[in-house]
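A.B. asks:
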Amino acid sequence: MPLPIENKGSTLDCGYRVDLLVENRLLLELKSVKSIEPIHEAQILTYLKLSGIPVGLILNFNTSILKEGIKRYVL
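Per the numbering used here, residue 84 is the first one in the sequence shown, and the count goes up by one each step.
#1: How far does the alpha helix (DSSP H) with Lys132 in it reach, from first residue to last?
#2: My guess is that Leu110 and Ile136 are in contact by the Cβ rule of under 8 Å, so how many angstroms apart are they, rounded?
#3: Could you name the residues that DSSP lists as bridge partners for Val157?
#4: Per DSSP, what are the beta-bridge partners of Leu113 in this structure?
#5: Excluding the five sequence neighbours on either side, which residues of its own chain have a C-beta within less than 7 Å of the C-beta of Val157, listed in chain order?
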């Protein structure tokens, strides 16, 4: 889903792309990586700040137990 960016009266219609947005309340970033790195955390925090959505989850599917691959972020 495209996440438009507005700055000083200019709008970029497709500045970022969010994986999933649930009811305009929860942002989901889907990953399949060895571990969640600081760059992934920076990515979701940027999306949360730009969208104004207060809660986001990173779901890493590259774990033996899915519960271990979920990280929650709140602004």
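Cβ coordinates follow ideal geometry from the N, Cα and C atoms, glycine included. Remember, predicted model here, so these are calculated numbers, not experimental data.
C.D. replies: Put simply:
#1: The residue labelled residue 132 in the question sits at position 49 within the sequence shown. Where Lys132 is concerned, the enclosing alpha helix (DSSP H) stretches over 121-134.
#2: The residue labelled residue 110 in the question sits at position 27 within the sequence shown. The residue labelled residue 136 in the question sits at position 53 within the sequence shown. Indeed they touch by this definition, with Cβ atoms about 5 Å apart.
#3: Against the sequence shown, residue 157 aligns to sequence position 74. Per DSSP, Val138.
#4: Here residue 113 refers to the residue found at position 30 when the sequence shown is read from its first residue. BP columns for Leu113 point to Leu142.
#5: One-based indexing of the sequence shown puts residue 157 at position 74. Here the set comprises Pro137, Val138.
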